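Notes follow the structure.
2 protein chains.
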Amino acid sequence: MRHHRDDVVRHALGVLDTYGLADLTMRRLAGDLDVRPSALYHHFRDKQSLLAAVADEVLRRGARPVSATAWDEQVVEICSGLRDALLAYRDGAELVSTVIAFGLGASQPYDDLVAALAPARLGEDLAATAARTLLHLVLGHTLDEQTHLQAGSAGAIGDGPRPRSDFAAGLGLVVDGIRLRAATGTSDRLDQRA
Amino acid sequence: MRHHRDDVVRHALGVLDTYGLADLTMRRLAGDLDVRPSALYHHFRDKQSLLAAVADEVLRRGARPVSATAWDEQVVEICSGLRDALLAYRDGAELVSTVIAFGLGASQPYDDLVAALAPARLGEDLAATAARTLLHLVLGHTLDEQTHLQAGSAGAIGDGPRPRSDFAAGLGLVVDGIRLRAATGTSDRLDQRA
DNA sequence: ACCTGAACACCGTTCAAGT
DNA sequence: ACCTGAACACCGTTCAAGT
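Here it is, written out as structure tokens:
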């Protein structure tokens with residue numbers, strides 16, 4: 001049976017969610033599509049490109065319109081939405097982190113954050129720094145959360161059952177730091193406390 | 001020739017720095033030690049444990065005493081020191097991030113941060129959140145920096161030559177956010193601006 | 001455009017046995 | 001305590017050739 005690119009991505013997402021990122025191999029995916037492994041290289045240059053496409057699909061499916069009007073509320077919405085998108089698929093955070101780290105795709109959240117931060121008038125450099133800082137927080141936190149949530153597995157050192165969800169608290173910390181530098185304060189409250 | 005555990009870790013560090021994390025395989029390391037791969041399993045339960053030991057060694061070698069007295073300056077010192085330690089070995093950030101994500105070892109920086117944050121009297125939960133937020137920032141930022149610094153390689157999307165170093169700026173953002181919640185403000189300045 | 005067949009050059013891990 | 005020999009069950013990728 002013949003497939004095209006989108007079929008492959010859809011099946012890859014299925015394999016990811018069922019078996020995890022470690023078992024999302026070209027050979028297993030090919031088997032799932034009832035095709036020889038080499039056939040996948042007609043659709044993707046290499047495994048990295050395939051993973052980038054899968055990461056983009058995870059983000060696309062998790063995308064939601066931003067409703068808030070104040071820039072700081074928009075930032076919180078984007079970050080929370082990103083976290084939800086990552087948690088929606090097994091190993092979603094690890095996948096997207098990897099793809100971002102290697103610099104292919106998954107750049108939508110960064111662009112969204114830069115756009116949302118524009119009204120804060122931080123200047124180009126600081127806005128980029130703030131966006132990356134937020135991204136690192138969300139990816140790092142969600143990776144932790146997802147790993148220790150799925151696992152409980154190996155003899156992990158020094159991790160009790162992660163406090164419920166300190167996501168909002170950590171995010172509030174960073175947003176407050178940004179707010180202090182904003183030329184236009186759309187909100188004087190220092191909310192998002194734990 | 002016979003080795004013990006520390007020899008193996010030392011050689012692994014050499015392989016890491018010379019060939020990178022992707023080429024730090026059990027087989028290559030064994031070859032470097034002039035030993036059969038199976039011999040490594042006398043010293044380490046599996047590859048993850050070996051990587052954890054290597055990560056700990058990277059951190060141990062990069063460790064420096066904290067000189068500052070104010071908690072916020074200590075935090076900046078710890079974070080900067082961690083970044084330096086990660087940058088000292090090829091793929092250091094990726095290695096330590098992986099080991100931390102999987103929950104084995106490399107917990108010293110977290111413990112140091114929690115200890116440094118104690119005088120801020122944030123409460124146990126918020127201190128833990130702040131420490132993790134700082135850790136995510138340092139690991140994420142340094143991973144970006146190291147990847148795009150070493151590479152320039154593949155057809156990366158949307159990454160110009162990362163702005164010089166916005167590490168201090170990003171760190172200042174988070175430290176300010178923490179300072180707003182500190183019961184004991186040891187410093188009223190909002191420094192660390194870009 | 002999409003796939004097969006066959007190969008190349010690798011992996012991590014186990015386990016009985018040796019010294 | 002530290003290692004060998006030999007195997008098991010895998011990997012990603014290339015490339016000529018088929019339809």
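Quick mapping for you: the protein sequence lines, in order, are chains E and W. The UniProt record's numbering numbers the first residue of the first sequence as 1 and each following residue consecutively. The UniProt record's numbering numbers the first residue of the second sequence as 1 and each following residue consecutively. Positions of the beta carbon are idealized from the N, C-alpha and C atoms, including for glycine. As the structure is a computational prediction, the values presented were derived from the model and not from experiment.
Integer Cβ distance of residue i from residue j, believed to fall under 8 Å
i	j	result
residue 95 of chain W	residue 16 of chain W	7 Å
residue 143 of chain W	residue 101 of chain E	6 Å
residue 137 of chain W	residue 136 of chain E	5 Å
residue 99 of chain E	residue 52 of chain E	5 Å
residue 21 of chain E	residue 30 of chain E	Going by Cβ atoms, the distance from residue 21 of chain E to residue 30 of chain E rounds to 17 Å, so no, they are not a contact pair.
residue 140 of chain W	residue 173 of chain E	Not confirmed; about 15 Å, so no contact.
residue 177 of chain W	residue 176 of chain E	4 Å
residue 48 of chain W	residue 92 of chain W	About 17 Å; that fails the 8 Å criterion.
residue 169 of chain W	residue 126 of chain E	6 Å
residue 122 of chain W	residue 181 of chain W	6 Å
Below-8 Å beta-carbon distance, residue i vs any chain W residue
i	result
residue 177 of chain E	yes
residue 63 of chain E	no
residue 56 of chain E	no
residue 96 of chain E	no
residue 115 of chain E	no
residue 133 of chain E	yes
residue 18 of chain E	no
residue 126 of chain E	yes
residue 147 of chain E	yes
residue 14 of chain E	no
Segment limits, alpha helix (DSSP H) that includes residue i
i	result
residue 172 of chain W	167 to 179
residue 69 of chain W	Counting along the chain, residue 69 of chain W falls outside any alpha helix (DSSP H), and DSSP gives it neither H nor E.
residue 118 of chain W	Unbroken run through residue 118 of chain W: none, as it is neither H nor E.
residue 14 of chain E	5 to 19
residue 58 of chain W	47 to 62
residue 203 of chain W	No answer is possible for residue 203 of chain W: it lies beyond the span of chain W, which begins at 1 and ends at 194.
residue 92 of chain W	92 to 101
CB contact below 8 Å: residue i versus chain E
i	result
residue 103 of chain W	yes
residue 118 of chain W	no
residue 174 of chain W	yes
residue 140 of chain W	yes
residue 91 of chain W	no
residue 166 of chain W	yes
residue 25 of chain W	no
residue 82 of chain W	no
residue 129 of chain W	yes
residue 143 of chain W	yes
residue 180 of chain W	yes
residue 170 of chain W	yes
residue 59 of chain W	no
Three-state class that DSSP yields for residue i in the structure shown
i	result
residue 80 of chain E	helix
residue 27 of chain W	helix
residue 32 of chain W	helix
residue 140 of chain W	helix
residue 43 of chain W	coil
residue 2 of chain E	coil
residue 38 of chain E	helix
residue 243 of chain W	For residue 243 of chain W there is no data in the structure shown, the boundaries of chain W being 1 and 194.
residue 130 of chain W	helix
residue 182 of chain W	coil
The ligand ZN heavy atom lying under 7 Å from the CB of residue i
i	result
residue 89 of chain W	The model depicted lacks the ligand ZN and carries no ligand whatsoever.
Do the region 73 to 83 of chain E and the region 35 to 42 of chain E make contact, defined as three or more Cβ pairs closer than 8 Å? no
Evaluate the contact criterion for the region 56 to 63 of chain E versus the region 114 to 133 of chain E: three or more CB pairs, one atom per stretch, below 8 Å. no
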